[in-house]
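7 is the number of the first residue of the sequence shown in the numbering used here; add one for each residue after it.
We put the CB at the ideal spot given by N, CA and C, even for glycine.
Worksheet: one structure, shown below.
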Amino acid sequence: MFLAGFSLGGNFALRVAVRAPAAGIKIDKVIAICPVLYPPNTLRAMERGLQIYHLYFMKKWRDSLHIKRKYFPHLKGLERISGFKLISDMTDYFVSNFTDFPDMMTYLKAYAITGQSLENLKIPSIIIASSDDPIIPAKDLKNLASPDVLKIETTRFGGHCGYLKNFCLNSWVDQRMIALFQN
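Rendered as structure tokens:
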């Protein structure tokens with residue numbers, strides 16, 4: 007079995023890979039494309055960077071919450087989702103009202119993969135990251151643990167999960183993933 011993810015999905019795939027052996031889950035290889043490394047820095051980059059990314063993620067999150075409201079009308083507090091202008095404000099609201107975390111920063115740090123989070127990684131894993139990613143600061147790559155099974159491919163260009171190979175907006179990363187999974 008192979009596991010792959012983009013952005014937050016890449017972060018999740020790597021965290022699963024750390025825990026999978028102890029849970030008896032056999033995963034042969036993991037590929038994480040532009041994974042969220044240190045969520046506080048990602049949140050900061052989204053809110054201070056190009057607004058198109060912030061607006062895109064806010065719209066996606068709001069849309070998903072509107073769907074949840076439709077299927078779970080008994081959940082209280084979701085009616086406020088349209089009033090938030092910043093991802094950090096919305097995150098803080100949800101952490102405070104729907105989780106057991108004491109605050110937003112504790113919540114964000116809980117799913118960081120920097121520091122020693124990947125130290126016990128036993129499954130061969132590849133991170134593909136871009137130096138020009140406007141959402142995931144490349145400087146955070148140096149804060150990853152370096153187990154022997156972890157390889158990091160850093161490209162000069164690629165943006166956040168783009169990796170375009172032509173003007174038709176085709177991405178080369180799909181073919182790269184196939185090649186990596188076949189080896």
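Given this structure, state the Cα-to-Cα distance separating residue i from residue j, to the nearest angstrom.
i: A23; j: G30; result: 11 Å
i: W71; j: I184; result: According to the sequence displayed, residue 71 carries Leu and not Trp. Using only the alpha carbons, I get a separation of about 33 Å.
i: K74; j: R54; result: 28 Å
i: K76; j: E85; result: 11 Å
i: K128; j: K32; result: 11 Å
i: P46; j: G89; result: 22 Å
i: S131; j: N172; result: 27 Å
Quick check on this structure: which residue in the options has the alpha carbon closest to the alpha carbon of residue i?
i: L61; options: W178, S94, L147, L186; result: S94
i: Q122; options: K145, P153, D109; result: P153
i: I142; options: R21, L9, Y59, V101; result: Y59
Tell whether a beta-carbon distance below 8 Å holds between residue i and residue j.
i: N17; j: V36; result: no
i: T156; j: L124; result: Looking at the sequence itself, residue 156 is Leu, so the reference to Thr does not match. Yes. Within cutoff.
i: Y99; j: F107; result: no
* Counting only runs that start and end within the stretch 96-183, where is the beta strand (DSSP E) found for 3 or more residues in a row? -> 131-136, 156-161
* Counting Cβ pairs closer than 8 Å, one from the stretch 157-175 and one from the stretch 133-147, do we hit at least three? -> yes
* Asked: Which full runs of the beta strand (DSSP E) of 3+ residues lie inside the stretch 32-106, going along the chain?
  -> 35-39
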